[in-house]
Amino acid sequence: MTRTLVTGSAGRFGRSVVTALAEAGHEVIGVDTAPGTPAVAAAVLPADLTDLGEAFGVMSRFRPDAVVHLAAIATPFSRTDSLTFRVNTQLAFNVCETATGVGVERIVIASSPTVIGYGTAGWTPSYLPIDEDHPVAPWNAYSLSKLVAEQVMGTFARGSKAMLAAVRPCFVVAPEEWAGAPTQSGHTIVERLDRPEIAGVSLFNYIDARDASDLVLTLLDKLPELPNGEVFFASAADALAREPLAGLLPRINPATAGLAAGLTGSAPAFSSAKAGRLLGWQAKRSWRTEIGA
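Numbering (this note's numbering), first residue to last: 4 to 296.
Rendered as structure tokens:
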């Protein structure tokens, strides 16, 4: 049985990852300072992983085969910039440092689509749909911290025997949020659909937490077959919008005029084609089927 340690196991993404891993037969160890890790975890330990000694204590105590690192200050501007940057970058380094130090073979870390730079005045994409080759342009402490986390992952991919990868999950929607619970932005999914200006800031991206968890599970299985240090977008197969982005996106973000013309039908602004090509993964769930399910 594979022992997999999940940091941030009580979060909206972490809960689904823990469940998916347990259902796939992993012995899951949850690490989170907050309550809420699913009961299917074999063990749960509160720990401050920004402390290198405590992080090493966690890794040496459980000696997992794999690590999924999700713990972070999860949204921009929810804490001070200095704290967000320090916590998120220190977490990424400490987890990679201690995991590789005790011989963990596979490590997946969570990054964010915000590294692309959307949400600030004057930003325009280089092309649409956006994929992993698109230039990055972080403009706040959160997006910068996630780009640094990717670079930390890449450094350990080059300098250790472990296999590592990063996932950029789009706006994560937990199962209960389809039924009306507030999302990480504080709005409901229906509000984001009814008021396009809310979701338009992030180019209408989203992903069901269970689909993103399936990607993590698949990635852990296939890491030994991949080039080390890969980065993957995880996006739903459609946009979180009631009308095609070809017309809607330029109304919300005029800088995308012309570039959005190819986003016909329900096509999203972010591409997960790389995950499909290298992992055989694609998102199964859509807001069209999940609302009210």
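C-beta: ideal position from N, C-alpha, C; glycine also. Given the structure is predicted, the values throughout are model-derived calculations rather than measurements.
Residue range of the beta strand (DSSP E) that M166 falls in? As a first step, residue 166 is located in the sequence shown; it is residue number 163 there, counting from the start. Its beta strand (DSSP E) spans residues M166 to P172.
So, is F207 buried or exposed, given that buried needs 16 or more other C-beta atoms within 10 angstroms? Within the sequence shown, numbered from 1, the residue matching residue 207 stands at position 204. That one is buried.
Own chain, CB closer than 7 Å to A296, minus 5 neighbours either side, in chain order: Taking the first residue of the sequence shown as 1, we reach residue 296 at position 293. Below a pLDDT of 50, predicted positions are generally treated as unreliable, and A296, at 47, falls in that range; the measurement from the model is reported next regardless. Same-chain partners within the cutoff: W181.
Buried/exposed call for G268, threshold 16 Cβ in 10 Å: Taking the sequence shown and counting its residues from 1, the one referred to as residue 268 is at position 265. When all chains shown are included, G268 counts as exposed.
Please report how far the alpha carbon of V176 lies from the alpha carbon of M156, in whole angstroms. Along the sequence shown, read from residue 1 onward, the residue named residue 176 stands at position 173. Along the sequence shown, read from residue 1 onward, the residue named residue 156 stands at position 153. Taking the straight line joining both Cα atoms gives about 25 Å.
With distance defined between alpha-carbon atoms, name the residue in A240, A258, E293 and W290 nearest to A272. In the sequence shown, residue 272 corresponds to position 269, counting from 1. Looking at the Cα atoms, A240 is the closest of the given residues.
Alpha carbon to alpha carbon, how far is D68 from V107? Counted from its first residue, the sequence shown places residue 68 at position 65. Counted from its first residue, the sequence shown places residue 107 at position 104. Each residue's alpha carbon lies about 5 Å from the other.
Consult DSSP for E233 and reduce its assignment to one of helix, strand or coil. Here residue 233 refers to the residue found at position 230 of the sequence shown. Strand at E233.
Separation of S188 from R195, as counted between CA atoms: Here the question's residue 195 lines up with position 192 in the sequence shown. Here the question's residue 188 lines up with position 185 in the sequence shown. Computed Cα separation, rounded: 9 Å.
Under the three-state reduction of DSSP, which class applies to T92: helix, strand or coil? Start at 1 with the first residue of the sequence shown, and residue 92 comes out as number 89. Helix.
Considering only the alpha carbon of each residue, which of P132, Y130 and A140 lies closest to G122? To locate residue 122, count along the sequence shown from 1; it is residue 119. Per the Cα distances, A140.
From what residue to what residue does the alpha helix (DSSP H) around L252 run? The sequence position of residue 252 within the sequence shown is 249, counting from 1. Here the alpha helix (DSSP H) through L252 covers L248 to I255.
Using 8 Å as the threshold, is the stretch 39-46 in touch with the stretch 14-30, meaning 3 or more CB pairs across them? Touching, yes.
What residues in its chain sit with their C-beta under 6 Å from that of F88, if we drop five residues either side in the sequence? Counting from one through the sequence shown, the residue named residue 88 turns up at place 85. Same-chain partners within the cutoff: A144 and S148.
Return yes when at least one heavy atom of the ligand SAH lies under 6 Å from the C-beta of S85, else no. Summarising the ligand content, the structure contains no ligands, and the ligand SAH is consequently not present.
Indicate whether V170 and F235 have their beta-carbon atoms separated by less than 7 Å. Here residue 170 is taken as the residue at index 167 of the sequence shown, counted from 1. Here residue 235 is taken as the residue at index 232 of the sequence shown, counted from 1. Yes; because the gap between Cβ atoms is below 7 Å, this pair is in contact.
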